[in-house]
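Below is one structure, written out as structure tokens; the observations come after it.
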Amino acid sequence: MGNYPAEPFKIKAVENIEMTTKEDRKEAIKEAGYNTFLLDSDDVYIDLLTDSGTSAMSDEQWASLMIGDEAYAGSNNWYKLEEAVKEVYGFDYVVPTHQGRGAENLLSQIMIEEGDYIPGNMYFTTTKAHQELNGGTFVDVIIDEGHQSVADHPFKGNVDLEKYKDLIDEVGADKIPYICVAVTVNMAGGQPVSMDNLRKVKEISERNSIKVMYDATRCVENAYFIKKNEEGYQDKSIAEILKEMMSYADGCTMSGKKDCLVNIGGFLAMDEEDLYQEATQLVVVYEGMPTYGGLAGRDMEAMATGIYESVNYEYIEHRVEQVQYLGNKLDEAGVPIIKPIGGHAVFIDAKEFLPHLSQDELPAQALAAAIYVDSGVRSMERGVVSAGRDEDGSHHYPKLETVRLTIPRRVYTYAHMDVVADSVINLYENRKNIKGLKFVYEPPVLRFFTSRFEPIE
Ligand SMILES: *Cc1c(COP(=O)(O)O)cnc(C)c1O
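Listed below in structure tokens is the structure:
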């Protein structure tokens, strides 16, 4: 490689990191029960646990914090946020929420009735939970390639139009209040959806009076992939592409903690006034006044600033290409990863990486712990531990057993990516030494957060 877009920013403030030794880290991971979620961040060198709320804000965003208008109602920061969403996303109505799931809660309560079906291009944990809490059933309509670890498809997040039409035929359009389209698809590995697919989803939905609601969490990354890989978009700006994407939706939920470049915040946006009225009735119950929705004035200001920054080409090119750089380095060294490489993370295929371990020996959990000990890099298990147990009490064995290396926005340099790559490649060359893990403590729900493990000797 060696050929990459260098940082389109310079560093004004630094956060020093405590350097640890391998001996320190062996002790720390043991104390954390071999679960990277239970490590103290002080013990971590490069933190790739998540890209959620971990972005570095710009100097202009920090300046935004100083002009917070902390009025209970009608804060001028709210009007700036509303204007930013209208201008950049193109929706007429905006309801602020404390983060993405707050918007999901409002949307699900307003639109879903007991017995409804909500198709989506692969599930997301909080999205599906809110759909189910409101009596809905999630139906996966992503193309088959979305479930394959390696597929030669530039838009693995696409909706399978036949699966979608079959569902409409089967349950009836009146049982489908909306289709939830994630752009990009987190759980599939940050995989984008093509403009052509979004257009066709809109056509089918309109014909059947089904609304289209996006999970817009990583929509700017999606726009970058369209510019890069879809015929006819090379000469369009990110802002133009994003606007066109959003024109095929009736609204969206947004986690500001991702593509809006803030540490907390979110919103629900839509075109229809009736829906907006209902949302404002609910937001006061769950979040706060419709002019702050659980956010401080300063946080709304920082999010508005972040929304404008996020559609800058040099920013998004650097962000996505940094992820590609790490993924390509691993791929070139033969490390098995999910391909194509997505927009926010590199997913290592832990089953392929550690073929000597069965899924019962928790290969992804074991690999995440080994990476931490080797280099102080914190990653996350996305495999059998995250998948939990089935109703009969046995492990639910997901097809993909992965370790996720998620890159925070604007936080780390290419040199940090080299440290990560070198460590993973070194472990791959010595993979036979990595032992499996077994549970020593397991909570009944969302076990990946707090379970504890021990090496199998
Ligand atoms: C993070 C995320 C959410 C939820 O947003 P929060 O701000 O964490 O509540 C929803 N959908 C996707 C795809 C996400 O990545």
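Residue numbers (the numbering used here): 126 to 582. Beta carbons are placed, not taken as given, at the ideal position from N, Cα and C, and that holds for glycine.
Length of the line joining the Cα atoms of residue i and residue j
i: A138; j: T430; result: 19 Å
i: I432; j: Q224; result: 15 Å
i: Y440; j: T342; result: 17 Å
i: D172; j: G297; result: 46 Å
i: V498; j: P533; result: 21 Å
i: Y450; j: Y129; result: 8 Å
i: Q402; j: M236; result: 13 Å
i: E582; j: S519; result: 23 Å
i: I462; j: D456; result: 7 Å
i: A546; j: M371; result: 36 Å
i: L571; j: R556; result: 28 Å
i: K300; j: S435; result: 36 Å
i: N558; j: D360; result: 50 Å
i: M428; j: H481; result: 47 Å
i: D294; j: I329; result: 12 Å
i: A540; j: Q186; result: 25 Å
i: M126; j: E554; result: For M126, the pLDDT reaches just 46, beneath the cut-off of 50, and the residue's location in the model is therefore unreliable, leaving the point undetermined.
i: E270; j: P133; result: 34 Å
i: T179; j: S504; result: 14 Å
i: K476; j: V306; result: 29 Å
i: I136; j: E516; result: 51 Å
i: K454; j: S233; result: 41 Å
i: E207; j: E152; result: 48 Å
i: R444; j: R507; result: 22 Å
i: L323; j: L562; result: 42 Å
i: K253; j: F263; result: 6 Å
i: G452; j: V544; result: 13 Å
i: D165; j: Q490; result: 17 Å
Heavy atom of ligand 1 within 7 Å of residue i beta-carbon
i: F574; result: no
i: A470; result: no
i: R444; result: no
i: A153; result: no
i: Q224; result: yes
i: K253; result: no
i: F249; result: yes
i: T342; result: yes
i: N437; result: no
i: S380; result: yes
i: S548; result: no
i: K361; result: no
i: K383; result: yes
i: S177; result: yes
i: N322; result: no
i: G245; result: no
i: G391; result: yes
i: N311; result: yes
i: A307; result: yes
Where the alpha helix (DSSP H) through residue i begins and ends
i: P86; result: Summary: the structure shown does not reach residue 86, with the chain confined to residues 126 through 582, and so no result is reported for it.
i: S504; result: Here S504 belongs to no alpha helix (DSSP H), and DSSP marks it neither H nor E.
i: R556; result: Unbroken run through R556: none, as it is neither H nor E.
i: L323; result: M320 to R332
i: C344; result: C344 to N354
i: T378; result: Looking at the DSSP string, T378 is not in any alpha helix (DSSP H); the run it does join, the beta strand (DSSP E), is G376 to S380.
i: D474; result: D474 -> not in any alpha helix (DSSP H); beta strand (DSSP E) instead, spanning A470 to D474.
i: Y289; result: L286 to V296
i: A254; result: T250 to L258
Whole-angstrom C-beta distance between residue j and residue i, which should lie under 8 Å
i: V408; j: G422; result: In fact, because the Cβ distance is near 16 Å, the residues do not count as touching under 8 Å.
i: G381; j: A394; result: Not quite, the Cβ-Cβ distance comes to about 12 Å (not below 8 Å), so this is no contact.
i: L292; j: K325; result: Not really, about 15 Å apart at Cβ, beyond 8 Å.
i: G357; j: A313; result: That pair is no contact at about 24 Å.
i: F392; j: A228; result: 6 Å
i: E526; j: V509; result: 6 Å
i: V337; j: Y303; result: 7 Å
i: N202; j: M425; result: 4 Å
Residue interval of the beta strand (DSSP E) (run including residue i)
i: V528; result: T527 to T531
i: F263; result: T262 to D265
i: E579; result: R577 to P580
i: I363; result: Looking at the DSSP string, I363 is not in any beta strand (DSSP E); the run it does join, the alpha helix (DSSP H), is I363 to S372.
i: A512; result: First-last for A512: V509 to A512, but that is the alpha helix (DSSP H), not the beta strand (DSSP E).
i: L562; result: L562 to Y566
i: V306; result: Y303 to A307
i: I466; result: Looking at the DSSP string, I466 is not in any beta strand (DSSP E), and its letter there is neither H nor E.
i: G245; result: Y242 to G245
i: V337; result: K336 to D340
My parser needs the alpha helix (DSSP H) runs of 4 or more residues fully inside the stretch 154-238; what are they?
For the stretch 154-238, whole alpha helix (DSSP H) runs of length 4 or above, ordered along the chain, are 184-190, 201-214 and 225-236.
Which whole runs of the beta strand (DSSP E) in the stretch 385-450 are 3 residues long or more, in chain order?
Listed in chain order, the beta strand (DSSP E) runs fully inside the stretch 385-450 are 391-395, counting runs of at least 3 residues.
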